[in-house]
Every structure is written in structure tokens, then in C-alpha cells.
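Okay, structure first, notes after.
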Amino acid sequence: MTDANGRDAMPGIVRTNVNRRLFMAGSVTAGLAACVAPPPAGPAGEPIVETASGKVQGYLEEGVKVFKGIPYGASTAGQGRFRAPKPPQPWAGVKQTIAYGPPSPQGRPASMPAPPPPPPGSPPPLINNSPTGAQSEDCLVLNVWSKDLTGRKPVMVWLHGGGFSTGAGSSAWYDGVRMATKQDVVVVTINHRLNVFGYLYLDDISKGAYADSATAGMLDCVLALQWVKQNIERFGGDPNRVLIFGESGGARKTSSMMAIVPAQGLFHRAVAQSGSQLRLDSKAVANERTLKLLRELNISEKELHKLHDIPMDALLTASPLAQQGTGQFRPVAGTAAIPAHPFDPGAPAMSANVPMMAGSNRTEASVFLGPDPRVINLDEAGLQQRVQALVPAGEGPGVVDMYRRIYPKAGLQEILYMTSTDRGYFLDTTILGERKAAQNRAPAYVYQFYRSTPVQGGRYFTPHASEIPFVFDTLRYGTSIGGEPTASAQDLSGIMSEAWCNFARTGDPNGGDVPAWPKYDGANRPTMVFDEKSAGGSRVENDPRSEQRKRMLGYGSQQYGEREAGPA
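Here my numbering is used: the first residue of the sequence shown is -19, the next is one more, and so on.
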């Protein structure tokens, strides 16, 4: 689910207004993989790199070579809709790649009235990194940051958040300058198809003519990884040390990539931040959503060819109505690219040799619930009602009592945030970690992010997405959610960024200033807790929040419902 800013909404939170949620294989060219001399420089030292499709020119920022808006795929408009992506057409001359490319179509179409402005005096949103600029179906572009264009540095490919519905790789939170400078890695962020454009299930209706339609957005990510394999050495990267990582919807994409057949061998480690995808959509529900969309567009099942000519805005306008009662457009399991659910009943065998990290934040739900006046003014009856909606019948009072016993100083809002978070993000993180560790083929590492933000008096505690600027070392851009970059916060960011980059480099987060971090196992559940020194610092705890985990596990993951209820 997504919130008004296009971020992933918390599992268990019922949203009846879907419109509101919307606001909220190219072949390898011989020779490119070989070691090459430093590429030529453009005007004033601006770097030029020759990719398989043509030359691109970037620019220098704080000593880092930056390339933005490099095409990795052809336009997906027209006959390219709902089909697997194709490599870009080669170009002559030197393409200027100095500005972010367009995001995939998403959010409120131009024909839909804008939502009313927030009341005067309303606090600003914590997450203010929604994509800007003209949207386009010609959106298969990526961005690269590298300190120098020689050597074989670890490569970190970021899959952006926003569920499977919104977002882009252009947020300042994802800026790769400091990671490239301080950790000597190559950072890549990508745009890909989203929502109806990336995940419309047409396979049943079309009798196989659109076999890739429900996984098109994920296949875009695969094509981007193929581009990395083919080209990244020219940018100073090592195609044999590629990490994929993402937060929220990006973590769900990362989890899903572990089970995508054509993605195997293109990445070598994975990190899922606040979005452990255990199960994907079913064909039955996805087909129901498709039929509703066709009715909204007045297209019969025998007229699927008309979908190629429907205006982009018309598809965006019809999508919320199709999603009512069926959930958002998202990848479907049982398809050619994704034959089985990612982490159900166990971790995917096809990626058993890929080390993985997974984690979540202590009060993810606060970013979604916190702005609601009904939550700001929450009373005891409201707390009991909201908690009961998250757990089986009759369990609500006992759950509230448990949190009050463990956290006697917690207020009504904090109890709600913890319950909602533990019911979804936290439980699913521990399930994924346990299933990955049980394979005993490649290590699993699990973390929890506990750092409380001082923003708005600290009332959000540790919200969803607040770890991103710490991982990217972009605290200066993330003040809306993390506050000013104090020395203490910067120290924590240094540890987290180093851990992620160590993992990209070797498949093990340990080293440097990172506290000793054991591999995860189902017996002791050693978990790295990231926090500032004033709150105990970063340290390992065995089975943190054990009682909460066990109780929520007894209820089962929300991802097992027939309809979308948990992370999606």
C-alpha cells in the first residue's frame, strides 16, 4: 500500500479511498567487459564513457563522476506496453546524461482534481522525496555515481520505494556522491515501470499473448541489471560484485528478485530494508483486477489491442477503481518470470547462494498514522479499536496489555505504532531471515533500526524510511525525516553506510567501525540494533522484541490472506 506521498502504507491499515493512496535483454557486446584505459574527458574534465549503446557524458560533483538519465531500455509506450522491455536503440555522437530522466507514469493524472491543501499550520510531511518532472512511458533510465572510472569497485543497485505503484530513482535521499567518495563503491539507481503499466495481469485473458505483462516492471529491473553486467566496468565497477538493495517497495522488489528466473547470476548480494516480500499476488485476484480495469475502460476481453492506444492519463484514472477490493497492481506468482512466491514456503532455491540482509524500523507505522488527527487525538477506546483491527478477534485487549507491561512509559500512539509495525514489517523480517538462514547455503544478516527522530518533538519515534539517509550518508538531504545532521547522527550514518558497503564488497557487513555482527540463525536470532551512542549505540541483541515476535507469529503473516492485507 502507499500513502499520500506515494510511500508504502503500513500493513493492517484499511484504506477505502484508493485515489488517496495514489497521491500520497540486451546481448553482451564483446570487449566491454575487458579492462580499459581511463575514458576521455569532456569539456572542463567532464567524463565520457562509451556504453554498448553509445557514448554518454556526465559531470563532476565533489570529485565524483555522475551520470544521470542513461537509457537502459527502449520506450515502453504503444506496442511496448505490457510486454518485456527491450534494450535501447543505439545512438550516434555523445549523449548528455546530466539530468534525471522521467519517472514512470504514476499518481494523480492531470485530469483528476488536485486534493485540497492541508489546513493552515499542518506539520510538513516527513517524506518529501516524491518524484518531480514530466512522467513518461519512456522511463527506462538509470543513474551512476563513481569516484573514478577505473578499477573494479563493488556495485550497489538501488530499487526505489513507493510500493509497486510510485517512486523514482531521482530522490536526493538516494544521491550516491558520499557513498562513492567515502566507501569507494559505484552507486546505481533506476527508474522502471510501475502500477498498471508494470503489473497488469493479461496472461489468462490473452491466452499467453501477454505472458510478461504482470511482471513487466520487474523485468525492467532485470534489464537494468543486464545493462550493469554489460557496461559497469567502464564506470569503474565490478560486474561480479553487484548488490541489489531497496527500501519499502524497493525491498519488496529486492525480495522478489531472489525468485525471478532471468535475474539469477546478475546480482550477488541483496538487502531488503523495511519490506520483506514473502508472497506475491495470486492469478485469481490479479485477473479480477484486470477485468475491473477493462470495464472501466469500456474494453472487451477480445479487444486487448486497444490498450496500446489508451492515453496514459486514462489508464491512471481507471486504475484506482480497478484496485478497490483487489489491492494494488503488483507482480504475480506462477508466471514465467516468477514461478513461485519469493519466500514461501521457504527461501528460493535458485538464489540460495546469495547472501542477504533484511531489517525494519521500530515504529514504521508512525509515518502513515502519525499525521491523522484521529491518531493525534487518540483515546483509549480508539486505541483498542485500532489494535483489534490488526489481530484476530478477541486478541486486541491482550495485545495492548502486553505492550503496556513491556513499555510502561509508552503512550497511546506509541503502542499503536509498535503494534502495527510488529504485526507487519517486523514479523515478516524475522520470517524472511529465518527462512534464508535455514537454507544454510549463504549467510543471512538481520537488523533493527531504533534511532528516534527529533522531528516534530519526537512524536514519530523511528518512522518508516528514516534509515535511508543513514545508509546513503545523505543526512543533509533528509532533514524532513531525520532532523539536522548532528555529529552523533553522522557517526551512526558512518557505521550503517560502511556496513552496507562492506556487504556489497564481500557479502559480509563486518569490518572497520561496524560492531561484530553474527550471521542470523533460528535458534539465537542475533540481530544488529542500529542506534545513536546516547541510546546505547549500535549493538547485537539476540531475539529482540522476542515476546512481541512470538505473539505476532502465532497470528501469522498478513501476507497470507486471500486479499492484500500486508506488505504489497
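Every residue, glycine too, gets a C-beta built ideally from N, C-alpha and C.
These numbers come from a predicted model, not from an experiment.
Bridge partners of residue 225 according to DSSP: 138 and 251. The three-state reading of DSSP puts residue 218 in strand, counting E and B together. If the five residues before and after residue 528 are omitted, its C-beta is found closer than 6 Å to the C-beta atoms of 402, all from its own chain and listed in chain order. In the structure shown, residue 213 falls within a helical segment according to DSSP collapsed to helix, strand and coil.
Under the criterion of beta carbons closer than 8 Å, residue 346 and residue 429 do not qualify as touching, at roughly 13 Å.
The closest CA to that of residue 66, considering only 90, 92 and 172, is found on 172.
Taking 3 residues as the shortest admissible run, the segment 38 to 126 contains the following complete beta strand (DSSP E) segments, listed from N- to C-terminal end: 39 to 41, 44 to 51, 74 to 76 and 121 to 126. Taken atom to atom, the span from the alpha-carbon of residue 329 to that of residue 243 is near 13 Å.
Within the segment 445 to 530, the complete beta strand (DSSP E) segments at least 3 residues long are 506 to 510 and 519 to 522, listed from N- to C-terminus. Looking from the CA of residue 126, the closest CA among 169, 145, 101 and 147 belongs to 169. Annotation for residue 519: 495 and 509 place their beta carbon closer than 7 Å to its own, counting only its chain and skipping 5 residues before and after. Distances from the alpha-carbon of residue 103 to those of 503, 491, 451 and 439 put 439 closest. DSSP places residue 233 within a helical segment (H, G or I) once states are collapsed to three. Residue 175: member of the alpha helix (DSSP H) spanning 175 to 179, first to last residue. Relative to the Cα of residue 471, the nearest Cα in the group 486, 488, 534 and 492 belongs to 492. Residue 379 sits in a helix when the DSSP states are folded into three classes. Comparing alpha-carbon positions, the option among 431, 436 and 456 lying closest to residue 446 turns out to be 431. For residue 162, the closest alpha carbon among the candidates 306, 444, 454 and 268 is that of 454. Of the residues 468, 448 and 304, the one whose Cα lies closest to the Cα of residue 460 is 448. In this model, residue 73 and residue 82 are separated by some 22 Å (Cα to Cα). One alpha carbon belongs to residue 157, the other to residue 44, and they sit about 6 Å apart. Rounded to whole angstroms, the separation of the alpha carbons of residue 55 and residue 435 is 41 Å. Counting every other CB atom within 10 Å of its CB across the protein chains shown gives residue 408 a total of 16 or more, marking it as buried.
Within the model, the alpha-carbon separation for residue 196 versus residue 400 is close to 31 Å. DSSP places residue 411 in no beta strand (DSSP E) but in the uninterrupted alpha helix (DSSP H) bounded by 407 to 419. In chain order, 415 place their CB closer than 6 Å to the CB of residue 326, counting only its own chain and leaving out the 5 sequence neighbours on each side. Separation of residue 194 and residue 177 (C-alpha to C-alpha, rounded to the nearest whole angstrom) is 9 Å. Here residue 304 is exposed: its Cβ has fewer than 16 other Cβ atoms, across all protein chains shown, within 10 Å. Taking the Cα positions, residue 499 is about 11 Å away from residue 487. Taking residue 335 as the centre and dropping the five residues before and after it, the same chain places the C-beta of 249, 422, 423 and 487 closer than 6 Å to its C-beta, in chain order. In the three-state reduction of the DSSP assignment, residue 169 falls in the strand class.
Rounded to whole angstroms, the separation of the alpha carbons of residue 142 and residue 418 is 30 Å.
Counting every other CB atom within 10 Å of its CB across the protein chains shown gives residue 133 a total of 16 or more, marking it as buried. Note that the segment 137 to 151 touches the segment 218 to 232; at least 3 beta-carbon pairs, one per stretch, sit closer than 8 Å. When beta bridges are read from the DSSP output, residue 341 appears opposite 429.
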